[in-house]
Amino acid sequence: MKVLEQNTYSYLALAYAHFSDYKNAVVYYNLLLTVAESLEDKREEGIAYAGLGNTWFRLGDFRKSLDYYKCALSNAEDLTDKLKIAIAYGGLGNASQALGHTETAISYLELSLDYAKDIGNKIEMGKTYSTLGYIFNSLGDFKKSIEYHNRHLDIAKEVGDVVGQSEAYGGLGNAFDSLGDFEKAIGYHGQQLGIAKKAGDKVGEAVANANLGNAYFSLNNFKKALHHYEQHLRIALELGDKAGEGGAYLHLGEICETFNNYTKAKNYYNRCLLIAEDLGDKARTGYACGGLGGVFLHFGNWEKAEEFYEKKLRIFEELGNKRHVALAHHGLGQCFELMGRLPIAVENYQSSVNVLNEIRLLQSEDQWKIGFRNEYNIAYIRLWGCLLKQEKIGEALAAAEEGRAQSLADLMISQYGLQKCQYRGKRLEEQEFGMLNRTSSSRIFLAVNVLENKVNIWLLFKEKPVVHREKTLRHHFVKNAVETLQSLIQFAYKNIGVRANVNCENRSLDVLRKSSSAVERSSKKSSQPIPQEGIDPLSALYSYVIAPTLDLIHGDEIIIVPDGPLWLAPFAALLNPFSKYLCESFKVRLIPSLTSLKIIAHCPEFHSSSGALVVGDPDMSEVTNSLGDPILEQLRFARQEAQMIGQILNTAPLTGKLATKCEVLKQISSVAVIHIAAHGCMETGEIALSPNPKRRSQIPAEEDYILTMSDVMSVKLRAKLVVLSCCYSGRGEIKAEGVVGIARVFMGAGARSVLVTLWAIDDEATLEFMKNFYHNLVEGRSASESVNHAMKFLKESEKFSDVKYWAPFTLIGDDVTLSTNNKKSDAPRETQETDR
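Just so we're aligned, residue 1 is where the sequence shown starts under full-length UniProt numbering, counting upward by one.
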């Protein structure tokens, strides 16, 4: 009779657990344990111990879960059951991680993995990979996290484990959320939610809703975030899942705080804190403390805020969660800054930045580094802003420079074969700034402070102290400094008459970037507020970034380190109060960071001294729409441009059908000069070349003819000069890293200097510009001087004197010269106007 009773309890416990009724599952597992002990049935005892460990874990009581898993392990070892030993070690790993014992958790999980592999049990292997993925995510090692979650996903698909697939998608979504790639995170979490609903997995459904809420919150889509958080809370209450309930309160508190309802936020954070402390859930306790720290910061109770941030810091230092250690230091920095204790504030901001740099360097992918750096840009701004409040001008510049173009520097270091420890993670010291000025050029370092609505300007001189100036942006029709500058630049483009809507380029954009996200980004940019008509945007930009230091600028060249939207400013066309363009007084050159210039300066022998690759007017006739009509027009003057430059540089240009993507990539690595005259993409500057011949019998796929950023990164350049004579080659997404587009990638791949364009350039005007540019180059003038001469040539011409023709050209990087004895020859002229 007791055996029948035991079996009944076992089936009921499993059934209630399957339907996420964990309270009843606990009741029946306890009844099962009592009967099994009376029958001395060790096998059923083990089932009860493991079931209780798992169920209490689901209910958020991690201490009880740990105790029962220890009993389950002892039982499994007595039975020498390797599968149950693997399961018990996995449970111990989960519970230990939840209680904040990360190293112990990893040890348990590695033992679980060993046993699971030994018996070939893929289900348990997948579960262990999943837990390890979450642990490495918390440690900031997102590469390992993604690797483990992908292993789990592969196994789950192989064995048909639907719930496992849902969990794996959730883990991948969390990793990309941590990296700042929220669109990709939403994609994974959407798959997680769909599978969980279909499988009737209420726990998985709750977790997926929480994850989707987090991703939408990060994208400032608070309506969708609130919907998913409310769904998470509803399911948690339905299941009696106290841990999930606490997590939902935490997220709802964040929503309330975002809408300045701090009293309600405080209530939610306190409810989360009570549950987390009761369950011994250290991580969620830390999250709640961070939320309360922010609330008390708003209330002006800085001592209380400090108390909660200190508690958060201690918890996450113990857990080894680097990201939240950085956030805790950032919160403490705010507390001390508001108290007026600036040196201690700086210490905490610096600690935050140091940890963020450490996490960033763990990432292997360039895009991951860029996304992560962008997500935490405010920590760098607060650090250098606080140093400026103490009038530590040089230290503030060093801190601002430390956060500038970090991933680009990593790429350059790798391509140049330099020692990473000399450059990466090492801040430029104040005494090095003067040494970087090898010429009498004035160097202007710009930093936009969105917290104070200011542009900060440092002026660097050769062997002189650094000077700092700042300018407050006072346009009431925008929210902050970034939006002000974006609006001014857009308005400047509008006034200039930038050729942004020509048919050729619209079709080019349709081919080059079909994704809805690209269209969405474009529409967001165009929706920025436009300044009032009474403002001259070119004059306003001049007053913000040039005028404050004009009294100190010496020489005839200005080297600018832009920040944020200023990367897209047409600096050459900025107007002084006497209606004189900046290029009439100075040569202008941009550099991504002072560190990037230092790296280039240390590699004088790296770049090739001879050879050229010249590409013009690739044949696009095979790139057609659904009706078979060519999408992109041919560029007649681009062909003439390539022929002209080929004669100057003594090289046969690749034009028409010869200008294939594969041939360009074949030749691009070994030459000193690269010149490409072709169609460019508005979003990224990526370039349309002639399709590779192997696919000529078919309609070419995009990968056959688009020279992408990843294509360029796959080669090692040694070019002294790259000229991208294409529309929009200086464009890309604006990140904390800078402009993430084709020009940056050429720099990262090894180019010393890159000449790019900011908008859709006129085909014939560009021919004339490049003719004059190369004429000056071969006469021994530097690239910056040659650009300046070519601009003046067009500006003084009868046909191309408008700003739209000569102002888009921007030189980025070092100021190179070419060694050649070739003489320039004239190319034939035509009269048709087309854009690239």
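Just so it is clear, CB atoms sit at the ideal spot from N, CA and C, and this is done for glycine as well.
Pairing V623 with G564 gives a Cβ-Cβ distance that is not under 8 Å. For S414, the enclosing alpha helix (DSSP H) covers residues 406–416. Going by C-alpha positions, T595 is about 16 Å away from R589.
The alpha carbon of M747 has as its nearest neighbour, out of I599, Q350, R443, the alpha carbon of I599.
Note on geometry: alpha-carbon atoms of A642 and S797 lie some 22 Å from one another.
When the Cα atoms are used, E401 and E395 turn out to be separated by approximately 10 Å. For F19, no beta strand (DSSP E) segment is defined, and its DSSP state is neither H nor E. Apart from sequence neighbours up to five positions away, the residues of its chain that approach K720 with a beta-carbon distance below 6 Å are H607, A672, R752, V816, ordered along the chain. Three or more beta-carbon pairs drawn from the stretch 86–102 and the stretch 277–290 are found closer than 8 Å, and the two stretches are therefore classed as touching.
With contacts defined as CB atoms closer than 8 Å, L689 and P577 fail to qualify as a contacting pair. Under DSSP, W302 forms no beta bridge with any residue. The DSSP-derived three-state label of I378 is helix.
The DSSP-derived three-state label of K122 is helix.
Excluding sequence positions up to five before and after V35, its CB lies within less than 7 Å of the CB of K2, E5, Q6, Y9, all in the same chain and listed in chain order. Shown here, V561 sits in a strand according to DSSP, grouped into three states. Runs of beta strand (DSSP E) with 3 or more residues, each lying fully within the stretch 435–500, are found at 442–449, 454–460, 467–472, listed in chain order.
Only buried fits Q350, as 16 or more other CB atoms lie within 10 angstroms of its CB. In summary, F316 is buried, with 16 or more beta-carbon neighbours lying within 10 Å of its beta-carbon over all protein chains present. Look at A36 here: in three-state DSSP terms it is helix. Taking the C-beta atoms as reference points, F800 is found nearer than 8 Å to E768. Only residues of its own chain outside the window of five on either side were considered, and among them I674, F746, A751, V754 have a CB closer than 6 Å to the CB of V722, listed in chain order. Restricted to the stretch 715–766, the beta strand (DSSP E) segments that are unbroken, complete and at least 3 residues in length are 721–726, 733–735, 738–740, 753–757, listed in chain order. R744 is positioned such that its CB atom lies no closer than 8 Å to that of V561. N270 and L361 have their alpha carbons spaced roughly 35 Å apart. Spanning the alpha carbons of L313 and S710 requires a straight line of approximately 39 Å.
Looking at the backbone, the Cα of F136 and that of V355 are separated by about 15 Å. Annotated three-state conformation of F809 is strand, per DSSP. 8 Å or more divides the Cβ of S621 from the Cβ of G680. Take Y216, set aside five residues on each side of it, and the residues of its chain with a beta-carbon closer than 6 Å to its own are K224, A225, in chain order. The three-state reading of DSSP puts P691 in coil, since its state is none of H, G, I, E or B.
Checking the DSSP bridge columns, you'll see V673 partnered with A612, L721. If you look at K587, you'll find it in the beta strand (DSSP E) that goes 587–590. Nearest to S786 by C-alpha distance, out of V615, L818, E764, W759, is L818.
Across the set L139, S145, L153, G133, the C-alpha of L153 shows the shortest separation from the C-alpha of I123.
Relative to S609, the option among L568, I631, L566, S670 whose CA is nearest is S670.
Of the candidates L319, L568, K202, L14, the residue whose Cα lies closest to the Cα of S487 is L568.
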